[in-house]
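Have a look at the structure below before the remarks.
In my numbering, the protein residues as written are 1 to 305.
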């Protein structure tokens, strides 16, 4: 699928998501583009080919691989993306954290990277696929969610939310338990695998086992052509960008949480008033375990008994 300069997600989002699946020479072209997109927007194809130590043919092939008709279209898309960033008054996307950055710069760069990652995730999320995933989860007798490492926190958060609206759900991070869980799933059950890289073997194996048992499978990953995507019936993608010192790990969790929140709210809406009532703060069963103070520290007035 080709994209135009004014399409939702910018070209850099798509290039990053497809990077692992590109040929080695095409990855060199991608690095040149990602390192300085505004400069590439003003360079000739010959200059880019030289910078990537490859041929003009490879640059053209790279453009087609990432969904652009050719190099002129890539330049237009990059120029438009740069203009949008400048119009927002934002820092350059992908600005790395340097070893000599002070805390003010670190906070600024991390907050910008994470806010932009959420924005990019929302802009490229396939709403039709999301709607299908919402339908599958809403009618599923049981939902199992798999994730290891940082993805385990996302899985646990989604399970807690689904449980609150009375959906039978489980979050697993231990490989053996994940496989045992997947092996007992049935038709109409749903298995959700969360993996930023899309290549976590534990999660992929559990999702594959669930699919073999007849369950509907959903993958949440940053890379749409990764191995986990080939295992899933539906793939929901994030748009996190890893930066120096692995600040992207936080961005990857935040973008995955963004996707799971969209999935959860869609399911809650589909289930009707009862589910919506369950997430109403006024009906939170944990309210009695909170101190009787306002957020500003003042005590709440006593309600008449």
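Backbone N, C-alpha and C fix where the C-beta goes; we use that ideal spot for every residue, glycine too.
Linking residue 18 to residue 48 through their CA atoms gives a straight-line distance of about 19 Å. Sorting 10, 168, 210, 194 by C-alpha distance to the C-alpha of residue 83 places 10 at the top. Annotated three-state conformation of residue 266 is helix, per DSSP. In the displayed model, residue 121 falls within a helix according to three-state DSSP. The shortest C-alpha to C-alpha distance from residue 66 to any of 13, 172, 158, 166 is the one to 13. For residue 237, the enclosing beta strand (DSSP E) begins and ends at 234-237.
In the three-state reduction of the DSSP assignment, residue 223 falls in the coil class, being assigned neither a helical nor a strand state. The Cβ atoms of residue 218 and residue 239 lie no closer than 7 Å to each other. Rounded to the nearest angstrom, the gap between the Cα atoms of residue 77 and residue 168 is 45 Å.
At the C-beta level, residue 263 and residue 133 come within 7 Å of one another.
Judged by DSSP secondary structure, residue 144 falls within the beta strand (DSSP E) whose first and last residues are 143-146.
The beta carbon of residue 52 is closer than 8 Å to those of 25, 28, 29, 31, 32, 58, 59 in its chain, skipping five residues each way along the sequence. Going by C-alpha positions, residue 184 is about 18 Å away from residue 139. 230 is the residue among 37, 230, 43 whose C-alpha sits nearest the C-alpha of residue 201. 7 Å or more divides the Cβ of residue 224 from the Cβ of residue 203.
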